[in-house]
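Colleague: In case it helps, the numbering used here puts the sequence shown at residues -14 to 981. The structure is given below, and queries will be raised subsequently.
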Amino acid sequence: MATRPPVSLKLSRRSRILLIIAAVIVLALLAGVRLLDTYVDWLWFGELQARSVFTTQLVTRIVLFFAVGLLVGGALAVSLLIAYRTRPVFVPVSGRDDPLSRYRSVIVSRIRLFGIGIPVLTGVIAGASASGDWQTIQLFLNGTSFGQKDPEFGIDLGFYAFSLPFVNWLLGWLFVTVVVSFFGALIAHYVFGGIRLAGRGGQLAGPTRAQLAITVGIFVLLKAVEYFFDRYNLLLSDRNMPLFNGATYTDLNAVLPAKLILLCISVICAIAFFAGAFLRNLQLPAISLVLLILSGVLVGVAWPAILDQFSVKPNANEKEATSIQRNMDATRAAYGLTNVKYEQYPGKTETTADAVKADTGTVSNIRLLDPNILSDTFTQRVGRENFYGFPTKLDIDRYTIGGTTQDYIVAAKEMKTDGLTGNQNNWINKHMVYTHGNGFVAAPANTIDRAVKDSNSDGGYPIATTSDTTTPAGAGSVNGQPGIKVDQPRIYYGELTNQSDYAIVGGTPGKAPGEYDTDTQRGYLYQGKGGVSLDNWFNRLMFAAEYREPKILFSDAIGDGSKIMYNREPRDRVAKVAPWLTLDGDPYPAVVHGRIQWIVDGYTTLDNYPYAQQTQLGEATNDSLNGVTKQANNSINYIRNSVKATVDAFDGTVNLYSIDDNEPVLKAWENVFPGIVKPSSEISPELRSHFRYPEDLFKIQRELLARYHVESPQEFYAQQAFWSVPQDPTEDGSSTTAGSNVANQPGYYVLANAAGEGRPTFQLTSALTGLQRQYLSAWMSISSDPEDYGTIRVLRLPPASGANQVDGPVQVQNRFQSDPRVAQDRTLLNNPNVIPIYGNLITLPVADGFLYVEPVYIRQRNQLSYPQLARVLVSYGAKIGFASTLNEALDQVFGKGTGAAATTPKEGDPGTTTTTPPTSSTAAPPPSTGGSNPAMDKAVADIQAALAKLKAAQQAGNFADQGAALSALDAATKEYNAAKPTTPPPTNGPTSQPGG
-14 MATRPPVSLK LSRRSRILLI IAAVIVLALL AGVRLLDTYV DWLWFGELQA RSVFTTQLVT
46 RIVLFFAVGL LVGGALAVSL LIAYRTRPVF VPVSGRDDPL SRYRSVIVSR IRLFGIGIPV
106 LTGVIAGASA SGDWQTIQLF LNGTSFGQKD PEFGIDLGFY AFSLPFVNWL LGWLFVTVVV
166 SFFGALIAHY VFGGIRLAGR GGQLAGPTRA QLAITVGIFV LLKAVEYFFD RYNLLLSDRN
226 MPLFNGATYT DLNAVLPAKL ILLCISVICA IAFFAGAFLR NLQLPAISLV LLILSGVLVG
286 VAWPAILDQF SVKPNANEKE ATSIQRNMDA TRAAYGLTNV KYEQYPGKTE TTADAVKADT
346 GTVSNIRLLD PNILSDTFTQ RVGRENFYGF PTKLDIDRYT IGGTTQDYIV AAKEMKTDGL
406 TGNQNNWINK HMVYTHGNGF VAAPANTIDR AVKDSNSDGG YPIATTSDTT TPAGAGSVNG
466 QPGIKVDQPR IYYGELTNQS DYAIVGGTPG KAPGEYDTDT QRGYLYQGKG GVSLDNWFNR
526 LMFAAEYREP KILFSDAIGD GSKIMYNREP RDRVAKVAPW LTLDGDPYPA VVHGRIQWIV
586 DGYTTLDNYP YAQQTQLGEA TNDSLNGVTK QANNSINYIR NSVKATVDAF DGTVNLYSID
646 DNEPVLKAWE NVFPGIVKPS SEISPELRSH FRYPEDLFKI QRELLARYHV ESPQEFYAQQ
706 AFWSVPQDPT EDGSSTTAGS NVANQPGYYV LANAAGEGRP TFQLTSALTG LQRQYLSAWM
766 SISSDPEDYG TIRVLRLPPA SGANQVDGPV QVQNRFQSDP RVAQDRTLLN NPNVIPIYGN
826 LITLPVADGF LYVEPVYIRQ RNQLSYPQLA RVLVSYGAKI GFASTLNEAL DQVFGKGTGA
886 AATTPKEGDP GTTTTTPPTS STAAPPPSTG GSNPAMDKAV ADIQAALAKL KAAQQAGNFA
946 DQGAALSALD AATKEYNAAK PTTPPPTNGP TSQPGG
């Protein structure tokens, strides 16, 4: 009988050499990329004087890599070594083609390759996986005390925050180690004949039985240790979700005793396995294994389920009362809801004009400008050049000028590289000329330049002042007051930069091309401390490789004094310096000591605070706002706004300031990174005056406060007193009912009288409605003033009934849209040439009731148009006002003269505003009259020609041609307005935009 010749697996010497060379090249490339990134990061952290953050992370990761890699890989190596050395001397072979025989031959011939290579590879994989858990290790090593104890075991909460996560992590890796070792030994014994499947029941060699039994015994012993610590994990139980988190009645009275019983059984079973290692049969280990499984099912699963089903659920309101109370207390403590100031509020639906006029702190500061709508308006009227831009969402802050505190819509005029066109996009222009923005823009939030009478009115725009290199004190004035003075208005670090958006600044005069400030200031060379030096050829080579751009290496424009700026987005910079913080999604610019500073709120969070309610961060912070960074949907049950970070817009300096020096999680991280966070005593009064209560934290607290305002476990269980966060009715302005997919209404920053304050304060506010109902149940605000920063106030309304019911935001919006005056305003809202946009619907407590105010914007239907404020909607009780100004709308609701308390739009020529294209430049090309009006037809043709020239000039980046085209467009539009008939065109429906 012919037999198949054995297959040779041996490679030639040349093949082996080629494979080795290929492997070395691949490893070198992989290592080179990592080393390059590491060096670039090293330079970046050095620029910020934060290399301790970089080295601490790197060292911890390396130590974890080798520690876990040695643990898992070493245990596997020992297991394989024992299996190999205790293999049977003689192994029966089933035939010449026995596959195990061939595998044995291959392994034995390359015993070092398999005996070392497999454990090393396993250790590398395990170490790489574990290195990402560096934060867990550092918190364990540097944890602090909370000074509070859990209600069940009486252990300090620091154990749950810092120690228990490490114990769970360590047990997880020990389990992995034992399992990997067991299967490694199992496979090795099978290959070398220690385990034979032939015959009845198979056979186990004595050494094989001993090794496997001991390994299983270690696993069961680890399980006993896990049962011990599982008792503490019960305080994080989600058995009664979504009602509440924490140990339930069943957990405390069934599961907790079961853990101790199973712990004892596991120890007994582990002893049985250790004994079985030296017995000639496996009956005792087998019996113990069955006992462990049965006890786990009966004691750990069946008994708690029976107790829960037949004892707890029929009497849950009583049985769970203790657990619910613990959950309520812990949740309020974990989310900063322990000192909420509740006040009963009448919620009147009628009042007098005198009562409204008396509340001047609120009425005079009613915000009309919506920062979520006006980005394009700022871009077209203030941005000037095509490469300047603003974020999608502008920001709100307050400034005191001339002794008067006013809230402003603010924005930094940044470089928007996406706006570069034509030759502006070449490498030198993009990275060395157009390197920075120029100017801080502010517009009073409570007024506009002039009222809009119809869709062709020139008005409804913010009165914006720009503080830039030409006019540091601010171009323009508001009510006779100058703008906001900025000593250094250049913006190298901002929200519009991206990861690949590097800038090369500074350099040698005469060689460097010079950086663009304005048309008359084109030769600026950066003199600040930001950026990494490119003075030496090695750094130039490294950055040329990092960005795959050889011009960095060979360009003569780079020389002595040149620096490269990268990682320029403020939120990204803070995230790298403080990787342990969860950052708010909406950084904002502020002028502090004459410099533009980006302020970023940082949160310390936990997910293992005993009994506290788990919250999905992404879901809780999601609302209708655009232009903010959405949070990852991580689960948390503790949060504090422990850190305020600032990023200097000129030199990128990052400063972290502690808000609460005694916050335990922050103290732990300060132990990890000493000196990185500055104490609160170093916060200057001017910087503190620009701190805003962070939006994401507000949304989380609002979501929880809607449930955790109740006072007793019985109320909590019944849920009838819960509130709801209202949907944003302006997100779907054409609907008359709330849709299930409509996002929540955001919180609104306002300068207004808080209840009981007697003076206007800057605060973040929101309405709250009845549970799954639209009537108003409460109104909450959180102060941003330094004197009482973070104070939460809630106005509770009486129970809704009949005429006493106060309408909520959705109901008010429905009444707005169904009002006959809105429907009949065909000239404005139903003009086919304009798009109506509903702004933020703000709820304000005024005269013991609630005043709703909503701006309505219009936008021309063409590419270069931008929104203008056209109408104001006001509601109080059953009355609605609809007019071109807030003053008129208030008069309609409360009677003539009431509107005098509000800020009146500036009349006349808005010459003090900083604008570029005149209003006429945004008008859509009007339709032809078909020859019935020759003057209008000529004007239409002139407008279309001017628009074509303007577009071509913008694409070419020719500012002179842009100015000429704008002048021609302005003249043609005036001719058209003079020649057009007065009859308004047909109607069309409104759209909407969420407010901010």
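Ideal Cβ positions, reconstructed from N, Cα and C, are used throughout, including at glycine.
Whole-angstrom Cβ separation of R558 and P572, contact assumed at under 8 Å?
Modeller: Not a contact, Cβ separation roughly 10 Å.
Colleague: CA-CA distance, G743 and Q790?
Modeller: Distance between the alpha carbons of G743 and Q790: 26 Å.
Colleague: Since I believe E534 is in contact with L21 (beta carbons under 8 Å), could you give me their beta-carbon distance rounded to a whole number of angstroms?
Modeller: At roughly 14 Å, the Cβ-Cβ gap does not stay under 8 Å, so L21 and E534 are not in contact.
Colleague: Counting beta carbon pairs with one atom in the segment 426 to 442 and one in the segment 400 to 418, are three or more of them shorter than 8 Å?
Modeller: No, the segment 400 to 418 is not in contact with the segment 426 to 442.
Colleague: Terminal residues of the continuous alpha helix (DSSP H) containing S766?
Modeller: Taken as a continuous stretch (DSSP letters only), S766 belongs to no alpha helix (DSSP H), being part of the beta strand (DSSP E) at L761 to S768.
Colleague: Which of helix, strand or coil does DSSP assign to V841?
Modeller: Residue state, collapsed to three classes: strand.
Colleague: Out of curiosity, what's the CA-to-CA distance linking T23 and Q512?
Modeller: Each residue's Cα considered, the two are about 27 Å apart.
Colleague: Return the CA-CA distance between A953 and A924, expressed in angstroms with no decimal places.
Modeller: Cα to Cα, A953 sits roughly 11 Å from A924.
Colleague: Using only the alpha-carbon positions, how far apart do L849 and H421 sit?
Modeller: Each residue's alpha carbon lies about 24 Å from the other.
Colleague: Which residues in the same chain as G834 place their Cβ atom closer than 8 Å to its Cβ, once the five residues preceding and following it in sequence are excluded?
Modeller: Only P331, G332, K333, T334, E335, T336, V791, Y861 and G862 meet the Cβ criterion.
Colleague: Only counting runs of 4 or more residues, tell me where the alpha helix (DSSP H) segments fall wholly within the segment 87 to 161, in order along the chain.
Modeller: Runs of the alpha helix (DSSP H) inside the segment 87 to 161: 96 to 115 and 119 to 127.
Colleague: Could you give the DSSP three-state label for Y594: helix, strand or coil?
Modeller: Note: Y594 maps to coil in three-state DSSP.
Colleague: Over the uninterrupted beta strand (DSSP E) stretch that includes K536, give me the two end residues.
Modeller: No beta strand (DSSP E) holds K536; the alpha helix (DSSP H) holding it covers K536 to F539.
Colleague: On the criterion of 16 or more Cβ atoms from any shown chain inside 10 Å, does V585 qualify as buried, or is it exposed?
Modeller: When all chains shown are included, V585 counts as buried.
Colleague: Taking the beta carbon of D443 as the centre, do at least 16 other beta carbons fall within 10 Å, making it buried, or is it exposed?
Modeller: So D443 counts as buried.
Colleague: Verify whether the separation of the beta carbon atoms of L829 and V710 is less than 8 Å.
Modeller: No. Outside cutoff.
Colleague: Which whole-angstrom value describes the C-beta separation of G637 and M550, a residue pair presumed to lie in contact below a C-beta threshold of 8 Å?
Modeller: About 7 Å; that satisfies the 8 Å criterion.
Colleague: Hey, how far is the Cα of Q798 from the Cα of Y393?
Modeller: Taking the straight line from one Cα to the other gives about 26 Å.
Colleague: From the DSSP output, in three-state form, read off D434 for me.
Modeller: Three-state result, D434: coil.
Colleague: Hey, which unbroken runs of the alpha helix (DSSP H) at 4 residues or more fall wholly within the segment 169 to 235?
Modeller: Counting whole runs of 4 or more residues, the segment 169 to 235 contains the alpha helix (DSSP H) stretches 191 to 218.
Colleague: I believe A617 touches W583 by the beta-carbon criterion, under 8 Å. Please report the beta-carbon distance rounded to the nearest angstrom.
Modeller: No, A617 and W583 are not in contact; Cβ-Cβ is about 21 Å, not under 8 Å.
Colleague: I need the boundaries of the alpha helix (DSSP H) containing K244, first residue and last residue.
Modeller: Start and end: L241 to G261.
Colleague: Give me the Cα-Cα distance between S485 and N815, rounded to the nearest whole angstrom.
Modeller: If I take the Cα positions, the gap works out to 44 Å.
Colleague: Considering only residues of the same chain and omitting the five flanking positions on each side of F707, which have a CB-CB separation below 7 Å?
Modeller: Hits under 7 Å: A691, R692 and L756.
Colleague: In the DSSP assignment, what residue or residues form a beta bridge with A560?
Modeller: According to DSSP, which records beta bridges pairwise, A560 is partnered with nothing at all.
Colleague: Looking at the unbroken beta strand (DSSP E) that takes in D713, where does it start and where does it end?
Modeller: Per DSSP, D713 belongs to no beta strand (DSSP E) and is neither H nor E.
Colleague: Using the rule of at least 16 other Cβ atoms within 10 Å of the residue's Cβ for burial, across every protein chain shown, is E211 buried or exposed?
Modeller: Under this definition E211 is a buried residue.
Colleague: Can you say whether K684 is buried or exposed, counting buried as having 16 or more other CB atoms within 10 angstroms of its CB?
Modeller: Buried: at least 16 other Cβ atoms inside 10 Å.
Colleague: Quick one: what does DSSP say I624 is sitting in, helix, strand or coil?
Modeller: I624: strand per DSSP, three-state reduction.
Colleague: Give a yes or no on whether the C-beta atoms belonging to A35 and V562 are separated by under 8 Å.
Modeller: Cβ atoms of A35 and V562: closer than 8 Å.
Colleague: In the DSSP assignment, find the alpha helix (DSSP H) that holds I394 and state where it starts and stops.
Modeller: Not the alpha helix (DSSP H): I394 falls in the beta strand (DSSP E), residues T389 to A397.
Colleague: Output needed for R553: all residues of its chain with C-beta closer than 6 Å, excluding positions within five of it in sequence on either side, in chain order.
Modeller: Closer than 6 Å at the Cβ level, and outside the excluded window around R553, lie Y478 and T482.
Colleague: Buried or exposed for W119, going by 16 or more other Cβ atoms inside 10 Å?
Modeller: Buried: at least 16 other Cβ atoms inside 10 Å.
Colleague: Under the rule that 16 or more other beta-carbon atoms within 10 Å means buried, what is L526, buried or exposed?
Modeller: The residue is exposed, with fewer than 16 neighbouring Cβ atoms inside 10 Å.
Colleague: So, helix, strand or coil for E328, using DSSP?
Modeller: Here E328 sits in strand by DSSP.
Colleague: With DSSP as the reference, please indicate the residues paired to N567 in a beta bridge.
Modeller: According to the sequence provided, residue 567 is Thr. The question's Asn does not apply to it. DSSP output for T567 lists Y588 as bridge partner(s).
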